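Read through the structure below, which is laid out as structure tokens, and then see the notes.
Protein chains: 2
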Amino acid sequence: MTLLVIGSIAFDTIETPIAKRENILGGSAPYFTYAASFFGPVQMVGVVGEDWPEEYTEMFRKQGIDVSGLEIVPGGKTFRWSGKYRENMNDRDTLDTQLNVLGHFQPKLPEIFRRAQFVFLANGAPSTGLAALEQIQGADLVVADTMDLWINIARNDLDVLLKRIDGLVLNDSEAKMLTGELNTISAAKKILNLGPKFVVVKKGEHGSLFVSEYELYLIPAFPTENVVDPTGAGDSFAGGMMGYIASQGNLESETIKKALVYGTLVAGFCVEGFGLDRYKEINREEIDRRLVLFRKMASF
Amino acid sequence: MTLLVIGSIAFDTIETPIAKRENILGGSAPYFTYAASFFGPVQMVGVVGEDWPEEYTEMFRKQGIDVSGLEIVPGGKTFRWSGKYRENMNDRDTLDTQLNVLGHFQPKLPEIFRRAQFVFLANGAPSTGLAALEQIQGADLVVADTMDLWINIARNDLDVLLKRIDGLVLNDSEAKMLTGELNTISAAKKILNLGPKFVVVKKGEHGSLFVSEYELYLIPAFPTENVVDPTGAGDSFAGGMMGYIASQGNLESETIKKALVYGTLVAGFCVEGFGLDRYKEINREEIDRRLVLFRKMASF
Chain X
0 MTLLVIGSIA
10 FDTIETPIAK
20 RENILGGSAP
30 YFTYAASFFG
40 PVQMVGVVGE
50 DWPEEYTEMF
60 RKQGIDVSGL
70 EIVPGGKTFR
80 WSGKYRENMN
90 DRDTLDTQLN
100 VLGHFQPKLP
110 EIFRRAQFVF
120 LANGAPSTGL
130 AALEQIQGAD
140 LVVADTMDLW
150 INIARNDLDV
160 LLKRIDGLVL
170 NDSEAKMLTG
180 ELNTISAAKK
190 ILNLGPKFVV
200 VKKGEHGSLF
210 VSEYELYLIP
220 AFPTENVVDP
230 TGAGDSFAGG
240 MMGYIASQGN
250 LESETIKKAL
260 VYGTLVAGFC
270 VEGFGLDRYK
280 EINREEIDRR
290 LVLFRKMASF
Chain D
0 MTLLVIGSIA
10 FDTIETPIAK
20 RENILGGSAP
30 YFTYAASFFG
40 PVQMVGVVGE
50 DWPEEYTEMF
60 RKQGIDVSGL
70 EIVPGGKTFR
80 WSGKYRENMN
90 DRDTLDTQLN
100 VLGHFQPKLP
110 EIFRRAQFVF
120 LANGAPSTGL
130 AALEQIQGAD
140 LVVADTMDLW
150 INIARNDLDV
160 LLKRIDGLVL
170 NDSEAKMLTG
180 ELNTISAAKK
190 ILNLGPKFVV
200 VKKGEHGSLF
210 VSEYELYLIP
220 AFPTENVVDP
230 TGAGDSFAGG
240 MMGYIASQGN
250 LESETIKKAL
260 VYGTLVAGFC
270 VEGFGLDRYK
280 EINREEIDRR
290 LVLFRKMASF
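Those protein sequences? They're chains X and D, same order as listed.
Under numbering that gives the first Met the number 0, read the first sequence as residues 0 to 299, first letter to last.
Under numbering that gives the first Met the number 0, read the second sequence as residues 0 to 299, first letter to last.
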């Protein structure tokens, strides 16, 4: 089934204790779409500036990603983010943020995108998500990501958005911040009172969990020693998860667990290289080989 | 097969954000033995003072725990520990420690205990563990727990002990401290160079992992919202794990994973009550009912 994502597109400058890369392709939409594309076709909506290299458009097309929702602003400059990871490769400091064309992003969905059955509102201003939803008719499943920034500065818009989505994806610290709860499970359950029918909590190296009124699923992270660049792991996790759900077209218990597992596996590949580098070396078969390995490690 | 544990026995005073209990039975050996006793017989070695109530000895006996290795020091006072948990129920501050008879503990193993096939050296001074091992002939499996204190103040003894054991159980922060590694998986693997053939890393609410030269297993924690008292969770985890391994008598892949799962489940029960309270309400059947539930949540 069709999977649509609306999200940010960025040129990232990333410094880790080992290396530094400047102006590499990043942002929630590219990570999400690339991760999801291993499981089926994806439609991407986002905005970039005149500095956007045509080769990136080609790269997405070759991966089965429909980029007809990519808006290129004449004279504009693409969103830029710069960050530096600390020794533990988990904590990072943002060094610079230049919103550029993302600051005035008004998603405009091509006609065919408006009938998407599975929709993901990748991390972005809640008002952007709401503007996108206004254009979508009768999706089977709408899932959104959010982050601390929007909980802090756009809580009212976020509360409206929460009532219009089926699922919310966020970090454990953000789930606690959103609810005031100190226990992750309690926080996830409390979010169900704010609107979503299910919540997926990303715990980084500690895995993820899915909570709905009657269900609770837990998956550990894939054990990765060689973390090269953690940027985009959360968006990749969501991409793998939503890509698999869209490919199955249901939310049955086994589908959800396997979607969490696939999200975990693609995120595990993602962090093994800078930006989208590692994705260019793998395919669905390689992901499935790791699934066999992961099942041996973590299924009982 | 026979499982022997040498560890501390304490009277704990515990304060949580909700309640406070004074002088309740605690220490690594009671938590470990009680948790292990759901899977088979356990032999316990430890030291207490003249203030030891006979009813505790009875309680252990009724649970199938052989307490003939319990030394009661005439005129002595049992080890006392006092701690206060913070709001998040994970971090705690030690308010008071009175070693008392534990300060001069020289484990003396009854003759029959010396032929134990499975041995666990619960958290204690590495020299105590070494003294116990001197008395044990040809055990099939020796596993030890350790903690930051011994890494800091008894590193030489600990290094000797590490070369005489088959497996080490410790927290993730302790694994990192012991090796200087920042990644949990890398830290666990590096410990294999110090002597043990396998390492089990306890990650509290984030689960646990087992690492040997060719194996890696990961199990999430059982999702518990109602944490009443986290004291003893790590010792209970080790007890459930070792109890199940001793009941199976092998270290095959499926045994190890299920041992991690059983350790997880008994630790999950443990934290639902103060001290050993919750254990008195459950049995193996109840643990197995939760296993069915846990498999539905986390096995894929």
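Each residue gets a CB set at the ideal place from its N, CA and C atoms; glycine is no exception.
All of these numbers come straight from a predicted model, not from anything done at the bench.
*Of the choices X:256, X:283, X:195 and X:253, whose alpha-carbon is the least far from that of residue 265 (chain X)?*
X:283
Under 8 Å between C-beta atoms, does residue 296 (chain D) make it to chain X? yes
Original post:
Going along the chain, which residues of its own chain have a beta-carbon closer than 6 Å to the beta-carbon of residue 9 (chain D), five neighbours each way excluded?
Top reply: 25, 26, 78 and 80
| field | Given 8 Å, three or more beta-carbon pairs between the segment 23 to 42 of chain D and the segment 233 to 241 of chain D | value | yes
- 8 Å contact criterion, which residue 122 (chain D) and residue 7 (chain D) should meet: CB distance rounded: 7 Å
Exercise. Could you give the distance in angstroms between the alpha-carbon of residue 49 (chain D) and the alpha-carbon of residue 191 (chain D)?
Worked result: 41 Å
Requested in this report: May I ask you to check if the CB of residue 185 (chain X) is nearer than 7 Å to at least one heavy atom of the ligand GTP?
Outcome: This structure lacks the ligand GTP; in fact it carries no ligand of any kind.
query: So, do the segment 112 to 119 of chain X and the segment 130 to 143 of chain X have three or more beta carbon pairs nearer to each other than 8 Å?
result: yes
Give the straight-line distance between the Cα atoms of residue 262 (chain D) and residue 222 (chain D), rounded to the nearest whole angstrom. 14 Å
Exercise. From which residue to which residue does the beta strand (DSSP E) around residue 206 (chain X) run?
Worked result: Element bounds for residue 206 (chain X): n/a, residue is neither H nor E.
Among residues of its own chain, excluding the 5 on either side of residue 248 (chain D), which ones have a beta-carbon nearer than 7 Å to its beta-carbon?
-> 0
Apart from the five residues just before and just after residue 88 (chain D), which ones in its own chain have a Cβ nearer than 8 Å to its Cβ? 15, 16, 226 and 229
### Query
Taking only beta-carbon atoms, is residue 286 (chain D) less than 8 Å away from chain X?
no
Taking 8 Å as the CB-CB limit, is residue 256 (chain D) close to chain X?
yes
Residue 192 (chain D) (DSSP reduced to helix, strand or coil): helix
- Message: Below 8 Å on the Cβ atoms is my contact criterion, and I expect residue 187 (chain X) with residue 168 (chain X) to pass it. Report the Cβ-Cβ distance as a whole number of Å.
- Response: 11 Å between Cβ atoms; not a contact.
Worksheet item: Using the beta-carbon count (16 or more within 10 Å), is residue 11 (chain D) buried or exposed?
Response: buried
The segment 168 to 201 of chain D: which residues have C-beta closer than 8 Å to a C-beta of chain X, in chain order?
181, 182, 183, 184, 185 and 188
- [ ] Return the CA-CA distance between residue 45 (chain D) and residue 69 (chain D), expressed in angstroms with no decimal places.
- [x] 5 Å
Contact list for residue 216 (chain D) against chain X, beta-carbon separation under 9 Å: 295, 296, 297 and 299
| message | How far does the alpha helix (DSSP H) with residue 32 (chain X) in it extend, from its first residue to its last? | response | 27 to 35
request  = Anything in chain D within Cβ reach of residue 249 (chain X), meaning under 9 Å, just list it in chain order.
outcome  = Those do not exist, as residue 249 (chain X) stays about 16 Å from chain D at its closest Cβ, beyond 9 Å.
Tell me whether the beta-carbon of residue 297 (chain X) lies closer than 8 Å to the beta-carbon of residue 250 (chain D).
no
- prompt: For the segment 87 to 121 of chain X, which residues have a CB atom closer than 8 Å to at least one CB atom of chain D, in sequence order?
  reply: 87 and 88
For residue 28 (chain X), which residues in the same chain have their Cβ closer than 7 Å to its Cβ, ignoring the five residues on either side in sequence? 4, 6, 7, 8, 43, 45 and 121
DSSP state of residue 176 (chain X) mapped onto helix, strand, coil
helix
Check your understanding: Taking 8 Å as the CB-CB limit, is residue 260 (chain D) close to chain X?
Key -> yes
Exercise. Report the three-state DSSP secondary structure of residue 149 (chain X) (helix, strand or coil).
Key: helix
* Assigned exposure category for residue 286 (chain D) - 16 Cβ within 10 Å defines buried -> buried
Is there a Cβ from chain D that is less than 8 Å from the Cβ of residue 206 (chain X)?
yes
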